[in-house]
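Since the structure comes first, as structure tokens, the remarks are kept for the end.
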Amino acid sequence: MPAEPTTTIPTDPTARAARVDELRRQLDRANYEYYILDNPTLSDADYDALLRELRAIEEADPELVTPDSPTQRVGTQLPSAGFAAHRHPRPMLSLANARNAEELAAWEKRAHNILPDAAFKYVGELKIDGLAMALTYERGRLVMGATRGDGIEGEDVTANVRVVHDIPHTLAEGDIPERVEIRGEIYMPISSFERLNEELSTEAAKHVNEDGTSPAAKLYANPRNSAAGSLRQKDWRMTRERNLHFFAYQIGYVEGQPE
1207 MPAEPTTTIP TDPTARAARV DELRRQLDRA NYEYYILDNP TLSDADYDAL
1257 LRELRAIEEA DPELVTPDSP TQRVGTQLPS AGFAAHRHPR PMLSLANARN
1307 AEELAAWEKR AHNILPDAAF KYVGELKIDG LAMALTYERG RLVMGATRGD
1357 GIEGEDVTAN VRVVHDIPHT LAEGDIPERV EIRGEIYMPI SSFERLNEEL
1407 STEAAKHVNE DGTSPAAKLY ANPRNSAAGS LRQKDWRMTR ERNLHFFAYQ
1457 IGYVEGQPE
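Here my numbering is used: position 189 in the sequence shown is 1395, and no number is missing along the way.
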């Protein structure tokens, strides 16, 4: 089995603290670009590398850990203009990433260390990369759609969620609990993402700068960003024009038994 990836940790306490501050600054900026601006400049691989380095230093020197460290939260804690905050009744957590065989082997090694006598079986499935969403139904009616945010508090995007065509406003009649939360992923198909960028490019070409050139179109970097940006439009009618879909994968919680 390949060795677990290692991180060079500064031996000098001052240098160690300085490196932690720099890593947190970079990661906080990346979180802001990813979750608030929907326009990341740091690749996922580079983000994960910085987060791993920060986590390794904090594990080696626990006194450097603070509650607001990027290692202590799922996503961003920065509120976005135009959306009210929503506190999740149950924490909405995220899965860790393994981007190569070495990281996967390191994860397996940690799992075996925790459960040395367990016989493991693995199930793999493709991932839909979009925006995590929690839908709350009361007596079968949709009353809340909230983003994950930092896992504890997200954003209330109910008005926009209601125009995603495959999210039901009411659940089918039957044994429906008093309150149930359905978790899943809001996503945009690749074909729709490509068409949206083409439309944005065409629209930008209609405008002309003073020097006779057309302004550069503000295109989405990937389908995940296009889904997040489309869902978090301040005008729900803009969201309705985008071809968003919802894939449910989990029941967050259930309260009250069906009558």
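The beta-carbon is built from N, C-alpha and C at its ideal position, and this holds for glycine as well.
Separation of residue j from residue i, as counted between CA atoms
{"i": "ASP1320", "j": "ILE1263", "result": "The amino acid at residue 1320 is misidentified as Asp; the sequence shows Ile. Between ILE1320 and ILE1263, the C-alpha separation is close to 22 angstroms."}
{"i": "ALA1324", "j": "TRP1313", "result": "15 angstroms"}
{"i": "THR1445", "j": "THR1364", "result": "12 angstroms"}
{"i": "GLY1346", "j": "PRO1322", "result": "44 angstroms"}
{"i": "TRP1442", "j": "MET1350", "result": "15 angstroms"}
{"i": "LYS1315", "j": "PHE1326", "result": "12 angstroms"}
{"i": "ALA1411", "j": "LEU1270", "result": "50 angstroms"}
{"i": "GLU1379", "j": "SER1300", "result": "32 angstroms"}
{"i": "ARG1235", "j": "PHE1453", "result": "29 angstroms"}
{"i": "GLU1405", "j": "ASN1431", "result": "16 angstroms"}
{"i": "THR1214", "j": "GLU1228", "result": "15 angstroms"}
Residues near residue i by beta carbon distance below 8 angstroms, same chain, minus five either side
{"i": "GLU1239", "result": "ASN1245, PRO1246, THR1247, LEU1248"}
{"i": "ARG1470", "result": "Residue 1470 lies beyond the stretch modelled for the chain, which goes from 1207 to 1465, so this question has no answer here."}
{"i": "LEU1233", "result": "TYR1253, LEU1256, LEU1257, LEU1260, PRO1276"}
{"i": "GLN1456", "result": "ILE1388, ARG1389, GLY1390"}
Cβ-heavy atom distance, residue i to the ligand NAP, below 6 angstroms
{"i": "ILE1396", "result": "For the ligand NAP, the structure offers nothing, since it holds no ligand at all."}
Whether residue i touches residue j by CB criterion (7 angstroms)
{"i": "ALA1340", "j": "ARG1389", "result": "yes"}
{"i": "TYR1393", "j": "ILE1334", "result": "yes"}
{"i": "ALA1291", "j": "GLU1359", "result": "yes"}
{"i": "ALA1433", "j": "LEU1337", "result": "yes"}
{"i": "GLU1384", "j": "GLU1331", "result": "no"}
{"i": "MET1298", "j": "ARG1230", "result": "no"}
{"i": "LYS1424", "j": "GLY1288", "result": "no"}
{"i": "LEU1450", "j": "VAL1329", "result": "no"}
Nonlocal neighbours in the same chain, by C-beta distance under 6 angstroms from residue i, ignoring five residues either side
{"i": "ARG1448", "result": "SER1436"}
{"i": "TYR1472", "result": "Absent from the model: residue 1472. The displayed extent of the chain is 1207 to 1465, so no value can be given."}
{"i": "PRO1429", "result": "MET1394, ILE1396, PHE1399"}
{"i": "LEU1348", "result": "HIS1375"}
{"i": "SER1407", "result": "ALA1423"}
{"i": "VAL1226", "result": "ILE1263, LEU1270"}
DSSP state of residue i mapped onto helix, strand, coil
{"i": "MET1350", "result": "strand"}
{"i": "VAL1226", "result": "helix"}
{"i": "ARG1443", "result": "helix"}
{"i": "PHE1453", "result": "strand"}
{"i": "ILE1392", "result": "strand"}
Contact with chain C by residue i, beta-carbon distance below 7 angstroms
{"i": "ASP1356", "result": "Given the protein chain composition of this structure (a single chain), no chain C is represented."}
Same chain only: Cβ atoms within 7 angstroms of residue i, ignoring 5 sequence neighbours per side
{"i": "ASN1403", "result": "LEU1425, TYR1426"}
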